[in-house]
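Okay, structure first, notes after.
Numbering (this note's numbering), first residue to last: 949 to 1103.
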């Protein structure tokens, strides 16, 4: 008469009514919600940063074009007109390049922050209440029971 302790999948008959099982499943939902909420926060901060980049780029472009328009309204020779236009084109291309680089940087930082959220949730889950393995074991047992057609009632 030896008792065998298994740290793998829990007994399927004990899964349905076990308070620990319900607690583990509740925690899994809490971890998922925490992850989604932290990821949404990171995404919103990224959107704000992108909007700030857009605002600054539009402000600079407006000032640059206003300056060029003012110069063109005055008397200018054909070579000055060409110079104003080429300077405007050159500056627009430089600013556009910087704009897209800044947007890409913010997008990457946002992705890194979102991955950091995943890491924090997983790390916190692994360090408290046995981590995710027991939750996954319980979930697998419940799914297995469902697929086998048994739902805890004696047959």
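Even glycine gets a Cβ: it sits at the ideal position worked out from N, Cα and C. Remember, predicted model here, so these are calculated numbers, not experimental data.
When the Cβ atoms of the region 997-1009 are set against those of the region 1050-1059, are three or more pairs found closer than 8 Å? Counting Cβ pairs under 8 Å, three or more are found: they touch.
Reduced DSSP secondary structure (H/G/I, E/B, other) of residue 988: helix
How long is the line joining the alpha carbons of residue 1066 and residue 1013, rounded to whole angstroms? Roughly 44 Å separates the two Cα atoms.
Give the straight-line distance between the Cα atoms of residue 1043 and residue 1005, rounded to the nearest whole angstrom. 7 Å
Cutting at 7 Å between CB atoms, please list the residues of its own chain near residue 1030, excluding the five before and the five after it. Short of 7 Å from the beta carbon of residue 1030, and not among the five residues preceding or following it, lies no beta carbon of its own chain.
Between the C-alpha atoms of residue 1109 and residue 990, what's the straight-line distance to the nearest angstrom? Outside the shown range of the chain (949 to 1103) lies residue 1109, about which nothing can therefore be said.
May I ask you to report which of helix, strand or coil DSSP gives residue 1023? coil
Status (buried if at least 16 other CB within 10 Å, exposed otherwise) for residue 1017: exposed
So residue 983 and residue 1069 are in contact, right, with Cβ under 8 Å, and what is the actual spacing, rounded? 5 Å
Taking C-beta to C-beta, are residue 1058 and residue 977 nearer than 7 Å? Not closer than 7 Å, so no.
Taking just the CA atoms, how far does residue 996 sit from residue 1015? Straight-line Cα distance between these residues: approximately 29 Å.
Closest residue to residue 1047 among 1022, 980 and 1008 (Cα-Cα distance): 1008
Looking at the ligand NAP, does it come within less than 6 Å of residue 1003, judged from the CB to the closest heavy atom? Annotation note on the ligand NAP: not contained in the displayed structure, which lists no ligands.
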